[in-house]
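One structure is given below, encoded as structure tokens.
Number of protein chains: 2
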Amino acid sequence: MKVVITGGTGFIGLLLAQRLIERGSLTGASGRAEAIDKIVLFDVMRPPSLPAPLEGRVEVVIGDVTDAALLGRLVSGESVAVFHLASVVSAGAEQDFDLALKVNLHGGLALFEATRALPRPARLVFTSSIAAFGGDKLPEIVTDETKPTPKTTYGMTKVVLELLVADYTRKGFFDGRGARLPTVVVRPGKPNAAASGFASGVFREPLSGIDYVLPVGPDISMPLLGYRRVVEGLIHLHELPREALGHDRTINFPSIAVKVGEMVESLKRVAGNRKIGAVSSAPNPAIEAICRTWPGRAAAERAKALGFPADTNIDSIVRAYIEDYVDR
Amino acid sequence: MKVVITGGTGFIGLLLAQRLIERGSLTGASGRAEAIDKIVLFDVMRPPSLPAPLEGRVEVVIGDVTDAALLGRLVSGESVAVFHLASVVSAGAEQDFDLALKVNLHGGLALFEATRALPRPARLVFTSSIAAFGGDKLPEIVTDETKPTPKTTYGMTKVVLELLVADYTRKGFFDGRGARLPTVVVRPGKPNAAASGFASGVFREPLSGIDYVLPVGPDISMPLLGYRRVVEGLIHLHELPREALGHDRTINFPSIAVKVGEMVESLKRVAGNRKIGAVSSAPNPAIEAICRTWPGRAAAERAKALGFPADTNIDSIVRAYIEDYVDR
Numbered sequence: 109m110k111v112v113i114t115g116g117t118g119f120i121g122l123l124l125a126q127r128l129i130e131r132g133s134l135t136g137a138s139g140r141a142e143a144i145d146k147i148v149l150f151d152v153m154r155p156p157s158l159p160a161p162l163e164g165r166v167e168v169v170i171g172d173v174t175d176a177a178l179l180g181r182l183v184s185g186e187s188v189a190v191f192h193l194a195s196v197v198s199a200g201a202e203q204d205f206d207l208a209l210k211v212n213l214h215g216g217l218a219l220f221e222a223t224r225a226l227p228r229p230a231r232l233v234f235t236s237s238i239a240a241f242g243g244d245k246l247p248e249i250v251t252d253e254t255k256p257t258p259k260t261t262y263g264m265t266k267v268v269l270e271l272l273v274a275d276y277t278r279k280g281f282f283d284g285r286g287a288r289l290p291t292v293v294v295r296p297g298k299p300n301a302a303a304s305g306f307a308s309g310v311f312r313e314p315l316s317g318i319d320y321v322l323p324v325g326p327d328i329s330m331p332l333l334g335y336r337r338v339v340e341g342l343i344h345l346h347e348l349p350r351e352a353l354g355h356d357r358t359i360n361f362p363s364i365a366v367k368v369g370e371m372v373e374s375l376k377r378v379a380g381n382r383k384i385g386a387v388s389s390a391p392n393p394a395i396e397a398i399c400r401t402w403p404g405r406a407a408a409e410r411a412k413a414l415g416f417p418a419d420t421n422i423d424s425i426v427r428a429y430i431e432d433y434v435d436r
Numbered sequence: 109m110k111v112v113i114t115g116g117t118g119f120i121g122l123l124l125a126q127r128l129i130e131r132g133s134l135t136g137a138s139g140r141a142e143a144i145d146k147i148v149l150f151d152v153m154r155p156p157s158l159p160a161p162l163e164g165r166v167e168v169v170i171g172d173v174t175d176a177a178l179l180g181r182l183v184s185g186e187s188v189a190v191f192h193l194a195s196v197v198s199a200g201a202e203q204d205f206d207l208a209l210k211v212n213l214h215g216g217l218a219l220f221e222a223t224r225a226l227p228r229p230a231r232l233v234f235t236s237s238i239a240a241f242g243g244d245k246l247p248e249i250v251t252d253e254t255k256p257t258p259k260t261t262y263g264m265t266k267v268v269l270e271l272l273v274a275d276y277t278r279k280g281f282f283d284g285r286g287a288r289l290p291t292v293v294v295r296p297g298k299p300n301a302a303a304s305g306f307a308s309g310v311f312r313e314p315l316s317g318i319d320y321v322l323p324v325g326p327d328i329s330m331p332l333l334g335y336r337r338v339v340e341g342l343i344h345l346h347e348l349p350r351e352a353l354g355h356d357r358t359i360n361f362p363s364i365a366v367k368v369g370e371m372v373e374s375l376k377r378v379a380g381n382r383k384i385g386a387v388s389s390a391p392n393p394a395i396e397a398i399c400r401t402w403p404g405r406a407a408a409e410r411a412k413a414l415g416f417p418a419d420t421n422i423d424s425i426v427r428a429y430i431e432d433y434v435d436r
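Sequences listed follow chains A and B, in order.
The numbering used here puts the first residue of the first sequence at 109, with every later residue one more than the last.
The numbering used here puts the first residue of the second sequence at 109, with every later residue one more than the last.
Rendered as structure tokens:
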């Protein structure tokens, strides 16, 4: 089996590739575990280096996600698994509407067409976002049945892909599955253009000994999920039988609701005697405005019924980050 | 003011143009009634003739709705009102997925970009459809807050445009408004590729003295709206102040739920002593399958609160058709 991961050199893409290499196999459209022969990480820019466990084990392809010819060459073969993670993220999409439409909408369509052209319908997993929810009438807790009324261009393009994936699947062009991700923490490395970036920064920077200024106040609540659970969840989503999902192919991933103030408390608790940078707050109205359009809590009934892995508390998410990135 | 109507030579497009000529003015982005200087009917095929009241009063432009340069020339001027009615309809879209994506999705995007390019944000009204609703978990009555999970490519593309219109509006690119139309009756002339076409055929054909074979059984319930109310409603939607709609720009239009059996009863009641064709039934599984994905009843709380015109019974809809098309 060939696995193609778009946005493959991003944080989740690299972790997913690493986990797939560890596993060695994946259940796809054939319904049985198949040995993974090849992993292609497709992305827009070549990373300076790959994590050591990936060196020599993956093919990195750099290109434009709207390049139909290139996608046709990548998404090819007898047995293919597609993970579509590539996306212009929230604050970036607010700044550049045209780029967001090009990458998120037209890029998604180009990938769907390439996948549709395969000789046998493949499974395709894509990452939607809790930014699908927004609008004037958001309930306190969003569920799988809440009407998506996104209030960001990022969220809008995600819901559009959810609808396209459901219809391409209904038509039998491929077998698509969508993961509506909450804010994924703790992201290592440099901040990205996501408005939710502080939910990682508030842990990452102080744990590197750097002072951190929060762009939002302590009362904003965010649904969070640790990256370990995200990667496990994406693989679980790919391996579910087609009929497990019904017509509506996208599900809320599990999350825990954590207030910004609670993130700071968790940081201090988990850091213990470590010397960490100081956390202060200087709210940025543009970032706060985007965050306030998102739901503070999200239920994930479908994911729970389907056995998706869930975090139970923020401390264990922070401990995993320290284990994987700080102490390693 | 220049009024551009896509799908302008279709049934609703022609009626809308006629009504606008009768009125002479329309309230647009300026917030005040403006004299209508020009009406452009944009469509994919030239009609053999125009209704007499439109002859010499409208400009007919034939072209491809994805032709950005042509749209740029059409949607131009100091004050423009856009009505986007063009669409590949339900059964047609099920037969030709690629054409549906081209016309409905990419055509919509091209028109939105042309409208965005205007020097001042214009109002844009587009027709969505109750085919937005579908899926596995449809409630007995759909409302403005029901999650759209369309089970046709037609419905999918309509929901995608709803999302795009909300986001283009939020960004200030134009002031968009969407009308989620129920099945519009009674359509004169030849049947189109809509799976719901029987809801017009069952009246039109017998009233022309032609026998009619229903492709569905008597128990299927359809939310219906007479074309007079549709045209009034589209104008009302254009004239609402921007803030009347909030973030979610598309509303359910009012409708009455009518079973197929009740349509036949109404036909006989209203026809009275007229000699009419016989109605029989030979269910077509493909048509029935599409119809069963649609909601049988739809509430329209937002439209009612905003003063949209509603029908109260099927008999008056049939009487209007006889007055406008049979006896004229």
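For each residue, glycine too, the CB sits at the ideal point set by N, CA and C.
Residue-chain proximity (residue i, chain A), Cβ-Cβ < 9 angstroms
i	result
B/Leu209	yes
B/Thr235	no
B/Glu70	Nothing about residue 70 of chain B can be reported from this structure: the residues present for chain B run from 109 to 436 only.
B/Arg405	no
Residue i at chain B interface by Cβ criterion, 9 angstroms
i	result
A/Gly354	yes
A/Arg350	no
A/Gly180	no
A/Val268	yes
A/Gly243	yes
A/Leu217	yes
A/Pro256	yes
A/Leu271	yes
A/Thr437	The question about residue 437 of chain A has no answer here: the residues shown for chain A are numbered 109 through 436.
A/Pro274	Checking the sequence shown, residue 274 of chain A turns out to be Ala, not Pro. Closer than 9 angstroms: yes.
A/Met264	yes
Rounded C-alpha distance that separates residue i from residue j
i	j	result
B/Tyr429	B/Val339	14 angstroms
A/Asp423	A/Leu289	19 angstroms
B/Gly139	A/Thr251	39 angstroms
B/Ala125	B/Leu345	15 angstroms
A/Glu186	A/Thr223	12 angstroms
A/Gly132	A/Gly354	28 angstroms
A/Leu315	A/Leu162	26 angstroms
B/Tyr276	B/Lys210	20 angstroms
B/Val233	B/Gly263	17 angstroms
B/Leu149	A/Pro296	56 angstroms
B/Asp435	B/Pro349	38 angstroms
B/Ala208	B/Gly200	8 angstroms
B/Pro155	B/Ala307	24 angstroms
A/Glu221	A/Tyr335	29 angstroms
A/His192	A/Arg285	10 angstroms
B/Asp327	B/Ile249	16 angstroms
B/Lys383	B/Asp319	11 angstroms
A/Asp419	A/Val378	16 angstroms
B/Glu431	A/Glu351	51 angstroms
Cβ separation of residue i and residue j, assumed to be a contact under 8 angstroms, to the nearest whole Å
i	j	result
B/Ser195	B/Gly115	6 angstroms
B/Ala230	B/Val197	With a Cβ gap of about 26 angstroms, B/Ala230 and B/Val197 do not count as contacting.
B/Cys399	B/Ala274	That pair is no contact at about 28 angstroms.
B/Pro417	B/Arg337	5 angstroms
A/Ala287	A/Leu342	6 angstroms
Reference residue i; option with closest CA among the options
i	options	result
B/Ala143	B/Lys110, B/Thr257 and B/Ala177	B/Lys110
A/Trp106	A/Glu270, A/Leu272, A/Val267 and A/Ala239	Since the first and last residues shown for chain A are 109 and 436, residue 106 of chain A lies out of range.
B/Val267	B/Val310, B/Ser236 and B/Phe282	B/Ser236
B/Asp204	B/Asp145, B/Thr260 and B/Lys383	B/Thr260
A/Phe241	B/Leu375, B/Phe220, B/Leu271 and B/Leu414	B/Leu271
A/Leu332	A/Thr291, A/Glu347 and A/Val310	A/Thr291
B/Glu202	B/Ala408, B/Ala397, B/Arg405 and B/Ile359	B/Ala397
A/Arg405	A/Asp432, A/Ile384 and A/Phe361	A/Phe361
A/Leu134	A/Gly118, A/Val112, A/Phe119 and A/Thr117	A/Val112
B/Val366	B/Arg427, B/Asp356, B/Met330 and B/Pro256	B/Met330
A/Leu269	B/Thr257, B/Gly171 and B/Val387	B/Thr257
A/Ile170	A/Ile129, A/Ala407, A/Val183 and A/Thr117	A/Thr117
8 angstroms Cβ cut-off: residues of chain C touching residue i
i	result
A/Lys279	You won't find chain C in this structure, because its protein chains are A and B.
Contact test: residue i Cβ vs the ligand COA heavy atom, cutoff 8 angstroms
i	result
B/Pro256	The ligand COA is not part of this structure, which contains no ligands at all.
Complete alpha helix (DSSP H) runs within the region 311-389 of chain B (minimum length 4 residues, chain order): Counting only runs of 4 or more residues that sit fully inside the region 311-389 of chain B, the alpha helix (DSSP H) segments are 335-347 and 368-379, in chain order.
Segments assigned alpha helix (DSSP H), at least 4 residues, entirely inside the region 254-315 of chain A: Here the runs fully enclosed are 261-278 and 306-315.
Ranges of the beta strand (DSSP E) found wholly within the region 136-202 of chain B, counting only runs of at least 3: List check, beta strand (DSSP E) in window: 141-143, 146-151, 167-170 and 188-192.
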